[in-house]
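First comes the structure, then the notes that go with it.
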Amino acid sequence: MSRSKENRVTTTTVPDIAGLRIGVLCGGNSPERQGSIASGEHASKALAAAGITTELIDLGDTPLTALPGRIDVALLGLHGLYGEDGKVQGALEVARLPYTGSGVLASALGMHKPTLKYLFTQARIDTPAWVPVDRDISVESTLSAVRHTLGYPVFVKPASGGGSLAAGIARDEVALRAMITPTDDEQYGEYMIEEYVQGIPATVGLIEVDGRLVTLPVHDVEPKTEFYDYAAKHDPALRVEHCPSLLPATTTESMQYVAKRVFRMIGAHGVLRVDFIAGVNGRTTVLECNTLPGLSERGNLATMAKAGGIPYGTLMQHIVRTAYTKPGYLP
Numbered sequence: 156m157s158r159s160k161e162n163r164v165t166t167t168t169v170p171d172i173a174g175l176r177i178g179v180l181c182g183g184n185s186p187e188r189q190g191s192i193a194s195g196e197h198a199s200k201a202l203a204a205a206g207i208t209t210e211l212i213d214l215g216d217t218p219l220t221a222l223p224g225r226i227d228v229a230l231l232g233l234h235g236l237y238g239e240d241g242k243v244q245g246a247l248e249v250a251r252l253p254y255t256g257s258g259v260l261a262s263a264l265g266m267h268k269p270t271l272k273y274l275f276t277q278a279r280i281d282t283p284a285w286v287p288v289d290r291d292i293s294v295e296s297t298l299s300a301v302r303h304t305l306g307y308p309v310f311v312k313p314a315s316g317g318g319s320l321a322a323g324i325a326r327d328e329v330a331l332r333a334m335i336t337p338t339d340d341e342q343y344g345e346y347m348i349e350e351y352v353q354g355i356p357a358t359v360g361l362i363e364v365d366g367r368l369v370t371l372p373v374h375d376v377e378p379k380t381e382f383y384d385y386a387a388k389h390d391p392a393l394r395v396e397h398c399p400s401l402l403p404a405t406t407t408e409s410m411q412y413v414a415k416r417v418f419r420m421i422g423a424h425g426v427l428r429v430d431f432i433a434g435v436n437g438r439t440t441v442l443e444c445n446t447l448p449g450l451s452e453r454g455n456l457a458t459m460a461k462a463g464g465i466p467y468g469t470l471m472q473h474i475v476r477t478a479y480t481k482p483g484y485l486p
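Using the numbering used here, you'd call the opening residue of the sequence shown number 156 and step up by one each time.
This is the structure:
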């Protein structure tokens, strides 16, 4: 029986992964290094427990040029700059080494939030309004733009970052000025200022299973901090999670529909996580997407998969198989 066009994924012959040498790539030099190492350790342990030959590889001390001949396929547990943004993907393409997740183009689009938001706007997908922080434009000019377009409060975050690192709420012009004034110790070179939407953070995971794109149950969270920050994302005591979500069915169904639109819009492959805010006024808006969502056993993707009937170890094996179901050429 043929699959519907909506759920079809281009497939090739998928080898028996039990006979492969899987390299779980993690770490690197990203500001999100610690979260990436946790992803890699959990994924590697789960695959090894299934009897699969697995090697945990920290790209912070192992060059990509050392991988061909050492592993057969790369499971990407990388996060943030130089891992999630298409650079590692490009190197693996050149080396002709199969890897999990999206290709170069989708990875770059998913990572660079201003470009992604332009695409959302063109596709008429609701996303918070924003103002870029351009270092060639004075801080005063940026503050004026915010004053006349967004108002306060606003949310400031890196243009190419994740995990809520270097992000926060500015409730007035004094706070915003302090947050966007350049410093010598910045980890990120580009920032953006976003309309602050009060509401409940929620996320939707999509995973390819046996050639079919599966939309996982919606996950929502009530942070006990000012917003869903780095601390709340890594300390269960600072949040209350619901999966399946307690949001109204009309809201979660809309999120799942939009998540699939985002997947296809950027040309994602294998796995994707799309983050939303369910606004207190009934508005549902997309914040961003993650082409390499965290692989920790306690992370959002694993939690959604479990709610969808996919055990953690099985989820990791599904993700490995996606390395072999890409089209012959993936931009």
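Where is the CB? At the ideal position from N, CA and C, for every residue including glycine.
Around the Cβ of residue i, are there at least 16 other Cβ atoms within 10 angstroms (buried) or fewer (exposed)?
{"i": "Ala201", "result": "buried"}
{"i": "Ala278", "result": "exposed"}
{"i": "Gln189", "result": "exposed"}
{"i": "Tyr484", "result": "exposed"}
{"i": "Leu470", "result": "buried"}
{"i": "Asn184", "result": "exposed"}
{"i": "Arg158", "result": "Only weak support is given to the placement of Arg158: the predicted model assigns it a pLDDT of 38, under 50, and the value that follows is read from those uncertain coordinates. Classification of Arg158: exposed, given that the 10 Å Cβ count is below 16."}
{"i": "Val426", "result": "buried"}
{"i": "Asn162", "result": "Unreliable placement is indicated for Asn162, whose pLDDT of 41 sits below 50; the coordinate value is still reported in the next sentence. Looking at its Cβ environment, which holds fewer than 16 other Cβ atoms inside 10 Å, Asn162 is exposed."}
{"i": "Gln244", "result": "buried"}
{"i": "Ser296", "result": "exposed"}
{"i": "Asn455", "result": "buried"}
{"i": "Gly317", "result": "buried"}
{"i": "Pro466", "result": "exposed"}
{"i": "Tyr346", "result": "buried"}
{"i": "Leu175", "result": "buried"}
{"i": "Glu363", "result": "buried"}
{"i": "Gly178", "result": "buried"}
{"i": "Gly206", "result": "exposed"}
{"i": "Ala221", "result": "exposed"}
{"i": "Thr165", "result": "Note that Thr165 scores a pLDDT of 44, beneath 50, so its modelled location is shaky and nothing firm can be said."}
Do residue j and residue i count as a contact pair if the criterion is CB distance below 8 angstroms?
{"i": "Met410", "j": "Thr439", "result": "yes"}
{"i": "Pro391", "j": "Asp375", "result": "no"}
{"i": "Ile348", "j": "Val294", "result": "no"}
{"i": "Pro313", "j": "Ala325", "result": "no"}
{"i": "Asp291", "j": "Met266", "result": "no"}
{"i": "Leu211", "j": "Cys181", "result": "yes"}
{"i": "Gly468", "j": "Ala193", "result": "no"}
{"i": "Arg428", "j": "Gly360", "result": "yes"}
{"i": "Ile280", "j": "Val373", "result": "no"}
{"i": "Gln472", "j": "Ile172", "result": "yes"}
{"i": "Gly463", "j": "Val369", "result": "yes"}
{"i": "Phe431", "j": "Thr358", "result": "yes"}
{"i": "Pro223", "j": "Ala250", "result": "yes"}
The ligand NAD and residue i: does the residue's C-beta get closer than 7 angstroms to at least one heavy atom of that ligand?
{"i": "Ile348", "result": "This structure lacks the ligand NAD; in fact it carries no ligand of any kind."}
With distances taken Cα to Cα, identify the nearest neighbour of residue i among the options.
{"i": "Leu233", "options": "Tyr254, Ala250, Thr220 and Glu248", "result": "Tyr254"}
{"i": "Leu231", "options": "Lys481, Leu450 and Leu470", "result": "Leu450"}
{"i": "Glu328", "options": "Leu274, Leu305 and Tyr412", "result": "Leu305"}
{"i": "Glu350", "options": "Ala229, Glu363 and Pro287", "result": "Pro287"}
{"i": "Thr338", "options": "Ala321, Ile212 and Thr209", "result": "Ala321"}
{"i": "Pro214", "options": "Gly316, Arg251, Gly238 and Phe275", "result": "It should be noted that the sequence gives Leu, not Pro, for residue 214. Checking every option, the nearest Cα to that of Leu214 belongs to Gly238."}
{"i": "Leu260", "options": "Gly323, Gln353, Ala423 and Val369", "result": "Ala423"}
{"i": "Asp384", "options": "Thr458, Thr405 and Ser319", "result": "Ser319"}
{"i": "Leu371", "options": "Arg394, Glu381, Ser199 and Ser400", "result": "Ser400"}
{"i": "Ser299", "options": "Arg332, Lys481 and Glu396", "result": "Arg332"}
{"i": "Lys481", "options": "Gly174, Glu248, Pro223 and Gly206", "result": "Glu248"}
{"i": "Gln353", "options": "Thr208, Val169, Gly437 and Val179", "result": "Gly437"}
{"i": "Ile421", "options": "Pro448, Phe275, Ala198 and Glu377", "result": "Phe275"}
{"i": "Asp289", "options": "Arg302, Thr270 and Ile335", "result": "Ile335"}
{"i": "Phe382", "options": "Glu196, Glu363 and Gly323", "result": "Gly323"}
{"i": "Thr208", "options": "Ser191, Thr217 and Val228", "result": "Val228"}
{"i": "Pro269", "options": "Cys444, Glu396 and Pro448", "result": "Cys444"}
{"i": "Thr380", "options": "His389, Arg394 and Arg367", "result": "Arg394"}
{"i": "Glu377", "options": "Glu396, Pro186 and Val475", "result": "Glu396"}
{"i": "Gly344", "options": "Arg367, Ser315 and Asp365", "result": "Ser315"}
{"i": "Gly258", "options": "Glu452, Val475 and Lys242", "result": "Lys242"}
{"i": "Ser262", "options": "Gly235, Ala284, Glu452 and Pro283", "result": "Gly235"}
Between which two residues does the beta strand (DSSP E) harbouring residue i extend?
{"i": "Ala414", "result": "Run containing Ala414: none in the beta strand (DSSP E); it sits in the alpha helix (DSSP H), Ala404 to Ile421."}
{"i": "Val369", "result": "Arg367 to Thr370"}
{"i": "Gly434", "result": "Val426 to Gly434"}
{"i": "Leu442", "result": "Thr439 to Asn445"}
{"i": "Glu453", "result": "Checking the displayed sequence, the identity of residue 453 turns out to be Arg instead of Glu. No beta strand (DSSP E) contains Arg453, which DSSP labels as neither H nor E."}
{"i": "Glu381", "result": "Unbroken run through Glu381: none, as it is neither H nor E."}
{"i": "Val395", "result": "Arg394 to His397"}
How is the alpha helix (DSSP H) around residue i delimited, first residue to last?
{"i": "Ile362", "result": "Not the alpha helix (DSSP H): Ile362 falls in the beta strand (DSSP E), residues Gly354 to Val364."}
{"i": "Val475", "result": "Tyr467 to Arg476"}
{"i": "Lys388", "result": "Tyr385 to His389"}
Any Cβ of chain B within less than 8 angstroms of the Cβ of residue i?
{"i": "Ala325", "result": "Protein chain content of the structure displayed is limited to a single chain, and chain B is not contained in it."}
Which full runs of the alpha helix (DSSP H) of 4+ residues lie inside the stretch 199–282, going along the chain?
242–249, 259–266 and 268–277
Contiguous beta strand (DSSP E) assignments of at least 3 residues, all confined to the stretch 165–200
177–181
Curious, which full-length beta strand (DSSP E) runs of at least 3 residues does the stretch 287–346 contain?
309–313 and 323–325
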